[in-house]
Amino acid sequence: MLSNHELDKLVICKKCATLHKKIILASKTKAICTTCHSTLYRKHEDLLNKSLALSVTTLIFFITANLFPIVTIDFAGSVNGITLSSVFLTMFDKQFYFAGIFSAFVIFLLPLTLIVNFVILLLFMKLKINERAVKKMLVLLSTLLPWNMVEIFLISILVAMVKLIGYAEINFGISFWALVLFVFIDMYMTKNISMIALWGMKERIYER
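The numbering used here runs 930 ahead of the 1-based position in the sequence shown.
Shown next as structure tokens:
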């Protein structure tokens, strides 16, 4: 049976489950799985500051995306603005409670939890405080990240708008563009900042 300290020095490939021993990488390089050749982890330059800057930026865009209408639809003189919150509130009003709760979780509660968790986590690392909370937040991130589906919601909006173009005048608001930027930055962070890199950064900062 391996100890926790020994397990911390191992990394498992997400695609083929091959177990590897962690090695120290040179600048701007990456570790490759010996079986399927997928990327295991990368060596980031100034990961903490870049991640913190991106996290704060996504939080700003997410708040903006929720303050104003995403789109304004003019149908036969009747103008209606659609906000993120109106999506699931309308479902509650129509008594589609399960769909409303799921929508609220996917497009509001989950993204907000992830962003705030990211910002607080990186701030704690920056200040080198509260290691126990940092560890819990990393575990929470690992649990919630697979459920992050904001990009699917954005695609759904675009598909719906394409179908409505022939019937109504559609104007995209500032919140739509904030949502687009939020999704792109979120996708970039998910792809380029792995949980392995965050755990490694935590170990270096707290020297454990």
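Ideal Cβ positions, reconstructed from N, Cα and C, are used throughout, including at glycine. Just so you know, these numbers come straight off a predicted model, no measurement behind them.
{"Check": "Are the region 1072–1080 and the region 980–989 touching, with three or more C-beta to C-beta distances below 8 Å?", "Outcome": "no"}
{"Check": "With distances taken from CA atoms, which of 1033, 1009 and 1008 is nearest residue 1019?", "Outcome": "1033"}
{"Check": "Report the residue from 1047, 1127, 1055 and 1088 whose alpha carbon sits nearest the alpha carbon of residue 989.", "Outcome": "1047"}
{"Check": "Report buried or exposed for residue 1008, applying the criterion of at least 16 other Cβ atoms within 10 angstroms of its Cβ.", "Outcome": "exposed"}
{"Check": "Okay, do the region 1125–1136 and the region 1088–1100 touch, 3+ Cβ pairs below 8 Å being the bar?", "Outcome": "no"}
{"Check": "Please classify residue 1117: is it buried, with 16 or more other beta-carbons within 10 angstroms of its beta-carbon, or exposed?", "Outcome": "exposed"}
{"Check": "Ignore the nearest five residues each way along the sequence and tell me which others in residue 995's own chain have a CB closer than 7 Å to its CB.", "Outcome": "1014, 1105, 1108, 1109 and 1112"}
{"Check": "Below 8 Å on the Cβ atoms is my guess for residue 1067 versus residue 1051; work out the distance and round it to an integer in Å.", "Outcome": "4 Å"}
{"Check": "Grouping DSSP H, G and I as helix and E and B as strand, with all else coil, what is residue 1132?", "Outcome": "helix"}
{"Check": "Within its chain, find whatever has a CB closer than 8 Å to the CB of residue 1038; leave out the 5 residues flanking it on each side and keep chain order.", "Outcome": "996, 1014, 1015 and 1018"}
{"Check": "Please list, in chain order, all residues of the same chain as residue 1136 whose beta carbon is under 6 Å from its beta carbon, the five residues on each side excluded.", "Outcome": "1061"}
{"Check": "If I measure Cβ to Cβ from residue 1011 and keep anything under 6 Å in the same chain, skipping five residues before and after, which residues do I get?", "Outcome": "999 and 1002"}
{"Check": "Roughly how far, in whole angstroms, is the beta-carbon of residue 978 from the beta-carbon of residue 1058, given that I think they are within contact range, below 8 Å?", "Outcome": "No, residue 978 and residue 1058 are not in contact; Cβ-Cβ is about 10 Å, not under 8 Å."}
{"Check": "Taking the C-alpha atoms as reference points, what is the distance between residue 972 and residue 1027?", "Outcome": "43 Å"}
{"Check": "Measure from the alpha carbon of residue 1121 to the alpha carbon of each residue in 1103, 951 and 968, then state which is nearest.", "Outcome": "968"}
{"Check": "List the DSSP bridge partners of residue 949.", "Outcome": "942"}
{"Check": "Can you have a look at residue 1089 and say buried or exposed, based on whether 16 or more other CB atoms are within 10 angstroms of its CB?", "Outcome": "exposed"}
{"Check": "Which residue wins for smallest C-alpha separation from residue 1073, given the options 1029, 1023, 1125 and 1095?", "Outcome": "1125"}
{"Check": "At the level of alpha carbons, what is the spacing between residue 980 and residue 1045?", "Outcome": "15 Å"}
{"Check": "Contact check, residue 939 vs residue 960 under 8 Å by CB: the rounded distance?", "Outcome": "18 Å between Cβ atoms; not a contact."}
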